[in-house]
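Working notes for the structure below.
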Amino acid sequence: MPEIPLIREHDFQYGQIEVLAPGIRRLTARNPSAFTYYGTGTYIIGTGTVAVIDPGPDDPAHLNALITGLEGE
Numbered sequence: 008m009p010e011i012p013l014i015r016e017h018d019f020q021y022g023q024i025e026v027l028a029p030g031i032r033r034l035t036a037r038n039p040s041a042f043t044y045y046g047t048g049t050y051i052i053g054t055g056t057v058a059v060i061d062p063g064p065d066d067p068a069h070l071n072a073l074i075t076g077l078e079g080e
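If you read the sequence shown in the working numbering, its first letter stands for residue 8, the second for the next number, and so on.
Put into structure tokens, the structure is as follows:
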């Protein structure tokens with residue numbers, strides 16, 4: 008069975024929503040660990056009306072960045 012290569016680089020800034028592809032964005036929470044690596048990835052799918060996948064930890068700064076980043080949607 009062929010091995011699946013892992014991409015370990017993750018160019019991001021905590022508190023900044025990054026665009027991964029049209030209609031797909033990510034916000035990385037500041038909770039790095041062996042389980043979350045750099046931090047929980049909160050994914051925002053769509054524009055206007057969006058779905059938030061895994062809103063992340065109970066962290067006021069992360070929640071504020073998510074709410075601020077989605078203003079007007």
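Ideal Cβ placement from N, Cα and C applies to all residues, glycine included. No experiment lies behind these values; they were computed from the predicted model shown.
Return helix, strand or coil for residue i, following the three-state DSSP convention.
{"i": "I24", "result": "coil"}
{"i": "I11", "result": "coil"}
{"i": "Y45", "result": "coil"}
Determine the direct distance from the alpha carbon of residue j to that of residue i, and round the result to whole angstroms.
{"i": "T35", "j": "G76", "result": "13 Å"}
{"i": "Y44", "j": "V57", "result": "25 Å"}
{"i": "Y50", "j": "V59", "result": "6 Å"}
If residue i and residue j are in contact, beta carbons under 8 Å, what's the gap, nearest whole angstrom?
{"i": "H69", "j": "R37", "result": "7 Å"}
{"i": "G53", "j": "G30", "result": "6 Å"}
{"i": "G48", "j": "D61", "result": "7 Å"}
Could you check where the alpha helix (DSSP H) with residue i kicks off and where it finishes?
{"i": "I51", "result": "Looking at the DSSP string, I51 is not in any alpha helix (DSSP H); the run it does join, the beta strand (DSSP E), is G48 to I52."}
Which residues bound the beta strand (DSSP E) around residue i?
{"i": "I60", "result": "A58 to I60"}
{"i": "T75", "result": "Unbroken run through T75 is the alpha helix (DSSP H), P67 to G76; no beta strand (DSSP E)."}
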